[in-house]
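Right, one structure below, let's go through it.
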Amino acid sequence: MCVAGYRDLSVLRSEYAQKKEKILSRLEDFRRVGTLPDKRLFEEMCFCILAVQSKAHGADAAVRDLVARDLLWPGRQREVAAFLRPRTRFHNHKAAYIVRARERFFPPNGPILGKSLDGLADAKVARAWLVREIDGFGWKEASHFLRNIGRGDQLAILDRHILRNLIRHGVIRRMPPTLTANRYLAIESRMERFSGDIEIPMAALDLLFWSRETGEIFK
-5 MCVAGYRDLS VLRSEYAQKK EKILSRLEDF RRVGTLPDKR LFEEMCFCIL
45 AVQSKAHGAD AAVRDLVARD LLWPGRQREV AAFLRPRTRF HNHKAAYIVR
95 ARERFFPPNG PILGKSLDGL ADAKVARAWL VREIDGFGWK EASHFLRNIG
145 RGDQLAILDR HILRNLIRHG VIRRMPPTLT ANRYLAIESR MERFSGDIEI
195 PMAALDLLFW SRETGEIFK
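Structure below.
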C-alpha cells in the first residue's frame, strides 16, 4: 500500500500491530519517569549525554553504576572521567558535561531542573532551551531526553537507525551528510507529516524503528 509516495507501509503497519502494546507500555514508563524527583530526571539527562556515539545499554549501565558508586552526585570531574573511561567513548568530555549540568541544575539552594522545564511553553521550546543550556546536547540528545521523561512525544530523535528507516519508507531520499539545525528540523517535519499520514504517533514510530534495527524496545 502506498500513501503520498511512501513505501512498504503494509509491513510497517503489521510490525506496529505486533509491537503496539509493548511500545505504548514503554511510553507510559517514560511518562512515569517524568513525574519523579529531579535526581531521576538528571539520570536520564546523563544517559542521553553518555549515549552519544555509544551503545544505549552501555550508557544506561554506566549511569546506574555511577549512582551505585556514589559518583553521580558528589563525584568530581576527574573521578567521573576515570570511572567512565572503560565504559564509554569521549569519557573526559562526557564527564565534564555531566558535572556542568549537575552544577547548573542542582545549586546549593535546591534542584531546579523540573521547575525549569515546567516554565517552558512546549516541547519544542524546551528542546531549543536545552540545546542552549546543556553542553553535550544537540537536537537529537535534547529530543531524546524529553521523550524519555514523557515531555517530547512529538519530537524526532534522528539517529542513523531512524534515518535509515525514513529512507526505506520514502520519507527522505538519502542519508544526510550532517545534521545542521535546519536540516534536523526539516527532516523532523517530514517525519511528523509521515506519522500523521500513517496514523502512528511520532514517539511510537521512533520506538518501532529502533526496535526494528536493534531487536528490542528500549529507550
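Its first residue numbered -5, the sequence shown is counted upward by one per residue in this note's numbering. Note that CB positions come from ideal geometry on N, CA and C, so glycine has one too.
By DSSP, does PHE24 sit in helix, in strand, or in coil?
The residue you call residue 24 lines up with position 30 of the sequence shown. Note: PHE24 maps to helix in three-state DSSP.
Could you give the distance in angstroms between the alpha-carbon of GLY144 and the alpha-carbon of THR29?
For the purposes of this step, residue 144 is taken as residue 150 along the sequence shown, with counting starting at 1. For the purposes of this step, residue 29 is taken as residue 35 along the sequence shown, with counting starting at 1. C-alpha separation (whole angstroms): 9 Å.
Excluding five sequence neighbours on each side, which residues of the same chain lie with their C-beta closer than 8 Å to the C-beta of GLU38?
Translated into positions along the sequence shown, residue 38 becomes position 44. The beta carbon of GLU38 sits closer than 8 Å to those of VAL27, PHE139, ASN142 and ILE143, all from its chain and outside the five residues before and after it, given in chain order.
Would you call GLU182 buried or exposed, if buried means 16 or more other Cβ atoms sit within 10 Å of its Cβ?
Here residue 182 corresponds to residue number 188 of the sequence shown, with the count starting at 1. Counting Cβ neighbours within 10 Å, GLU182 comes out buried, since at least 16 surround it.
Can you round the beta-carbon distance between ASP147 and PRO195 to whole angstroms, since I take them to be within the 8 Å contact cut?
In the sequence shown, counting from the first residue as 1, residue 147 sits at position 153. In the sequence shown, counting from the first residue as 1, residue 195 sits at position 201. About 7 Å separates the two Cβ atoms, so the contact holds.
For THR208, count neighbouring C-beta atoms within 10 Å of its own C-beta (all shown protein chains included) and say buried if the count is 16 or more, exposed if not.
As a position in the sequence shown, residue 208 is number 214, starting the count at 1. Looking at its Cβ environment, which holds fewer than 16 other Cβ atoms inside 10 Å, THR208 is exposed.
Should ALA90 and ALA75 be called a contact, given that it needs their Cβ atoms to be closer than 9 Å?
Looking up residue 90 in the sequence shown gives position 96. Looking up residue 75 in the sequence shown gives position 81. Taking C-beta atoms as the reference points, ALA90 and ALA75 count as a pair closer than 9 Å.
Using three-state DSSP, classify VAL46 as helix, strand or coil.
Residue 46 sits at position 52 when you count from the first residue of the sequence shown. Coil.
Leaving out five residues before and five after HIS85 in sequence, what residues of the same chain have Cβ atoms less than 6 Å from its Cβ?
In the sequence shown, the residue the question calls residue 85 occupies position 91. Counting only Cβ-Cβ distances below 6 Å, and skipping sequence neighbours, we find ALA75, LEU78 and ARG79.
What runs of the alpha helix (DSSP H), each 4 residues or longer, lie entirely inside the region 131 to 157?
Listed in chain order, the complete alpha helix (DSSP H) runs (minimum 4 residues) inside the region 131 to 157 are 133 to 142.
Near LEU199, what residues of its chain come up, given a Cβ to Cβ distance below 7 Å and the 5 sequence neighbours on each side ignored?
Residue numbering aside, residue 199 sits at position 205 when the sequence shown is read from its first letter. If we look at LEU199 and ignore the five residues flanking it on each side, its Cβ neighbours are SER189.
For the region 105 to 114 against the region 151 to 169, are there 3 or more C-beta pairs whose distance is under 8 Å?
In short, these stretches do not touch, since the Cβ pair count stays below three.
Bounding residues of the alpha helix (DSSP H) (the contiguous stretch that carries PHE203)
On the sequence shown, residue 203 is found 209 positions in, with the first residue counted as 1. 196 to 208 is the span of the alpha helix (DSSP H), which, as asked, contains PHE203.
In the DSSP assignment, find the alpha helix (DSSP H) that holds ILE211 and state where it starts and stops.
Sequence index remark: in the sequence shown, residue 211 carries index 217 (1-based). Neither: ILE211 is in no alpha helix (DSSP H) and is coded neither H nor E.
At which residues does the alpha helix (DSSP H) containing VAL165 begin and terminate?
Taking the first residue of the sequence shown as position 1, residue 165 is located at position 171. Neither: VAL165 is in no alpha helix (DSSP H) and is coded neither H nor E.
Could you give the DSSP three-state label for TRP67: helix, strand or coil?
On the sequence shown, position 73 is the one that residue 67 refers to. In the three-state scheme derived from DSSP, where H, G and I count as helix and E and B as strand, TRP67 is classed as coil.
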